[in-house]
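Structure record follows, encoded as structure tokens.
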Amino acid sequence: MKHGNRRLLVVSNRLPVSISGEEGEKQVKPGAGGLVTAMNPIMKSSEGVWIGWPGCELSDEVKQLLSDYNLDGDFQVEGVKVTPEEERRYYRGFSNEALWPLFHDLLGHCNFEFDDWKVYSKINRRFAKKIVEVTQSGDFIWVHDYQLIMVAHYLRQMNIHQPLAFFLHTPFPSPDLIRRLPWKNEIIRGLLEYDLIGFQTYRDRRNFLRGAKELMPELQIRSRARYSDIRFGMRTIKVGHFPISIDFREFNQHARTRDVAVEARKLDDMCHAESLMLGVDRLDYTKGIPDRLLAIERALEKYPELIGKISLLQLVVPSRSKLSSYRNLKADLDSMVGRINGRFSKFGWQPIQYMYRAVSRTELLGFYRACDIALITPLRDGMNLVCKEYCASSTDRNGVLILSEFAGAADQMGKGAILVNPYNREETADAICDAFYMDSRERRRRMKTLRAEVKRNDIFRWVDWFLTAFKSWQDESPMASARPYDTLPRNVRISAQELYPLNRKGD
Ligand code: ADQ
Numbered sequence: 118m119k120h121g122n123r124r125l126l127v128v129s130n131r132l133p134v135s136i137s138g139e140e141g142e143k144q145v146k147p148g149a150g151g152l153v154t155a156m157n158p159i160m161k162s163s164e165g166v167w168i169g170w171p172g173c174e175l176s177d178e179v180k181q182l183l184s185d186y187n188l189d190g191d192f193q194v195e196g197v198k199v200t201p202e203e204e205r206r207y208y209r210g211f212s213n214e215a216l217w218p219l220f221h222d223l224l225g226h227c228n229f230e231f232d233d234w235k236v237y238s239k240i241n242r243r244f245a246k247k248i249v250e251v252t253q254s255g256d257f258i259w260v261h262d263y264q265l266i267m268v269a270h271y272l273r274q275m276n277i278h279q280p281l282a283f284f285l286h287t288p289f290p291s292p293d294l295i296r297r298l299p300w301k302n303e304i305i306r307g308l309l310e311y312d313l314i315g316f317q318t319y320r321d322r323r324n325f326l327r328g329a330k331e332l333m334p335e336l337q338i339r340s341r342a343r344y345s346d347i348r349f350g351m352r353t354i355k356v357g358h359f360p361i362s363i364d365f366r367e368f369n370q371h372a373r374t375r376d377v378a379v380e381a382r383k384l385d386d387m388c389h390a391e392s393l394m395l396g397v398d399r400l401d402y403t404k405g406i407p408d409r410l411l412a413i414e415r416a417l418e419k420y421p422e423l424i425g426k427i428s429l430l431q432l433v434v435p436s437r438s439k440l441s442s443y444r445n446l447k448a449d450l451d452s453m454v455g456r457i458n459g460r461f462s463k464f465g466w467q468p469i470q471y472m473y474r475a476v477s478r479t480e481l482l483g484f485y486r487a488c489d490i491a492l493i494t495p496l497r498d499g500m501n502l503v504c505k506e507y508c509a510s511s512t513d514r515n516g517v518l519i520l521s522e523f524a525g526a527a528d529q530m531g532k533g534a535i536l537v538n539p540y541n542r543e544e545t546a547d548a549i550c551d552a553f554y555m556d557s558r559e560r561r562r563r564m565k566t567l568r569a570e571v572k573r574n575d576i577f578r579w580v581d582w583f584l585t586a587f588k589s590w591q592d593e594s595p596m597a598s599a600r601p602y603d604t605l606p607r608n609v610r611i612s613a614q615e616l617y618p619l620n621r622k623g624d
């Protein structure tokens, strides 16, 4: 899709492809994951360019693979080089051990390292440089997520005055939490270099506005229902919340196919339970998988009549396995599943069926169809697409959604779902029991509401919404095309050695 004849230039940490195989035998395939799932339908139908790191070294072989992929693909991909040592500091270090836990309110997981911050800044600058190489005037430049917050800062330094947009897929923390980050000034100021800043929820948007105002009391903020405008020197920055979604039609149609029905039947035959509950997550401590397992254990203790009747199918897709906290989580899950199964299993029935691997789309939909309860209980989540995928695939309208109140999706799905606090084990155990006994009329009523919500606010609406907000920023902003960028207030100090120096060679 071209929006107002603008070419879409999407910039994210990872390219929407995965590269596998040994040197000399590498292969490129379309990738998986939240952002890719969300953007693929739009990029497919656009003439866009996607800039990102291929997830491995950008060798000559990989460059060749990517340019071959471009010949056949529906849109162009452009790789950015990140060496293994840089990956350790930029991606595993600053992105995933500082920003990721901080933005998910999990301060105890944070590790703030000055060297990681330096490499994060350096790689953000490298992304900016790639954008300068690729962009044409009139492109809509849309940067995604916490790994690339500082890109706009460097683009402005490189005299790119084109309008820039940013979308944060994670939550944005409260002012009290963001204050703990040693580079909070740079991060907030870095965000203010964009012209449109999108968050998942109203709460994230409000947290950002409060954090920015605390740092720069002179900012003038005018808020309306959907957007806020920040007056910053001569500039106006638009801030909104845009809950991301999925391609409802695609899930709804695919879920009705014979192949999916075959997968669903396989699971039914394998599991021997009256009711199957579903858990589908990337391996991540924010997803609350251990708390979920403990809630199931509690439900079986508290409601022993559920023993032999209800099972959880927990699917975990491997992720960030180079980080020790993720490896420890995997070990914890293995032992918890073993312990709970050892405690409650009976011949032919287990309370938890656990699979640690990625599955195909058809298998995944088979899971969605087979399970009559979805237990989606992250401790904190920007949005959570799994709950929307589950509802879109629940074509017989018989599924019950139990959803964490701390998932961004709770704002829209709260009416049809049973909302729980995942830290409250008793409440989650009770919700499991309630879902098990819920009569089919009530299930259908709730699922109808949920499906209507996902159908109405699908991924296409999300993109349209975002691009329309951007267009309205341009229409409302007289300085949109010729703007000065030297408006840094005096009280915001960014020291030269803290930001990676601009004139460094080779980047
Ligand atoms: P993620 O943290 O990756 O995304 P989520 O929104 O749940 O989380 O998306 C996960 C995706 O992976 C889903 O599309 C799901 O189908 C797929 N998936 C999960 N397990 C799988 C498995 N075993 N096999 C195959 N596929 C699997 C980030 C934010 C979220 C936000 C999204 C989009 O953390 O809060 O919703 O971006 O903005």
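Residue 118 is where the sequence shown starts when you use my numbering, and the numbers rise one by one after that. Even glycine gets a Cβ: it sits at the ideal position worked out from N, Cα and C. Bear in mind the structure is a predicted one, so any value in this text is a computation, not a measurement.
Residue closest to residue i, alpha-carbon to alpha-carbon, out of the options
i	options	result
Pro526	Leu440, Pro288, Asn241	Just to set this straight, residue 526 is Ala in the shown sequence, not Pro. Ala526 has its Cα closest to that of Pro288, out of Leu440, Pro288, Asn241.
Phe464	Gly425, Tyr271, Gly357	Gly425
Ala586	Arg409, Pro435, Lys355, Arg497	Lys355
Glu310	Ser340, Thr318, Leu265	Leu265
Asn501	Trp217, Ile361, Pro280, Val166	Ile361
Pro290	Ala329, Phe257, Asp256	Ala329
Leu281	Asp256, Ile295, Thr512, Asp312	Asp312
Ile427	Pro435, Arg437, Ala416	Ala416
Val476	Lys301, Ala552, Asp398, Asp364	Asp398
Ile519	Glu174, Glu202, Val537	Val537
Asp489	Trp234, Asp385, Lys301, Lys572	Asp385
Leu219	Arg123, Phe368, Leu294	Leu294
Gln253	Leu440, Gly210, Glu164, Ile305	Glu164
Arg460	Ile413, Ser438, Tyr473	Ile413
Arg348	Phe359, Pro334, His358	Pro334
Ala390	Asp321, Arg456, Trp466	Trp466
Leu308	Leu272, Leu188, Lys143, Val517	Leu272
Leu432	Tyr237, Leu400, Gly499, Asn130	Leu400
Ser340	Met160, Leu216, Arg323	Arg323
Trp590	Phe257, Val134, Gly138, Tyr473	Phe257
Met555	Glu418, Gly516, Trp300, Asn369	Gly516
Phe229	His221, Val236, Tyr237, Glu214	Glu214
Met275	Ala509, Ile363, His358, Lys246	Lys246
Glu204	Ala552, Lys239, Leu446	Lys239
Buried versus exposed, by CB contacts within 10 Å (16 or more), residue i
i	result
Glu195	buried
Phe325	buried
Ala491	buried
His270	buried
Thr353	buried
Arg542	buried
Ala448	exposed
Asp592	exposed
Leu224	exposed
Tyr540	exposed
Leu125	buried
Asp191	exposed
Arg242	buried
Phe231	exposed
Ser130	Here residue 130 turns out to be Asn, not Ser, going by the sequence shown. Under this definition Asn130 is a buried residue.
Gln317	buried
Ser137	exposed
Gly255	exposed
Val134	buried
Pro171	buried
Pro495	buried
Gln193	buried
Expected contact under 8 Å - CB spacing of residue i and residue j to nearest Å
i	j	result
Ile469	Leu429	5 Å
Arg497	Thr403	5 Å
His278	Val128	Actually they do not touch by this definition, with Cβ atoms about 17 Å apart.
Ala342	Thr512	At roughly 34 Å, the Cβ-Cβ gap does not stay under 8 Å, so Ala342 and Thr512 are not in contact.
Val166	Cys173	Contact doesn't hold; Cβ gap of about 20 Å is too wide.
Met351	Leu410	Contact doesn't hold; Cβ gap of about 54 Å is too wide.
Val377	Arg486	6 Å
Tyr263	Leu298	Contact doesn't hold; Cβ gap of about 12 Å is too wide.
Minimum Cβ-Cβ distance from residue i to chain D less than 8 Å
i	result
Arg460	Reference to chain D is not applicable here, since this structure consists of a single protein chain.
Open item on the list: Would you call the segment 388–396 in contact with the segment 531–541, where contact means no fewer than 3 C-beta pairs closer than 8 Å?
Closed with: no
Task: Any 3 or more C-beta pairs closer than 8 Å across the segment 470–486 and the segment 372–391 - done: yes
- [ ] Just list the beta strand (DSSP E) runs in the segment 143–207, keeping only unbroken ones of 3 residues or longer that don't cross its boundaries, in chain order.
- [x] 144–147, 166–170, 193–196
- [ ] Return the chain-ordered ranges of every alpha helix (DSSP H) run that is complete within the segment 376–458 and spans a minimum of 4 residues.
- [x] 406–419
Open item on the list: Quick check on the DSSP output: what are the complete alpha helix (DSSP H) runs of length 4 or more inside the segment 242–318, in order along the chain?
Closed with: 268–274, 292–295, 301–308
TODO: Flag this pair as touching only if the segment 578–585 and the segment 544–551 have three or more C-beta atom pairs under 8 Å; answer yes or no.
DONE: no
Task: Entirely enclosed beta strand (DSSP E) segments - the segment 318–367, minimum 3 residues - done: 337–340, 344–349, 352–358
Task: Contiguous alpha helix (DSSP H) assignments of at least 4 residues, all confined to the segment 447–535 - done: 478–487, 503–510, 527–530
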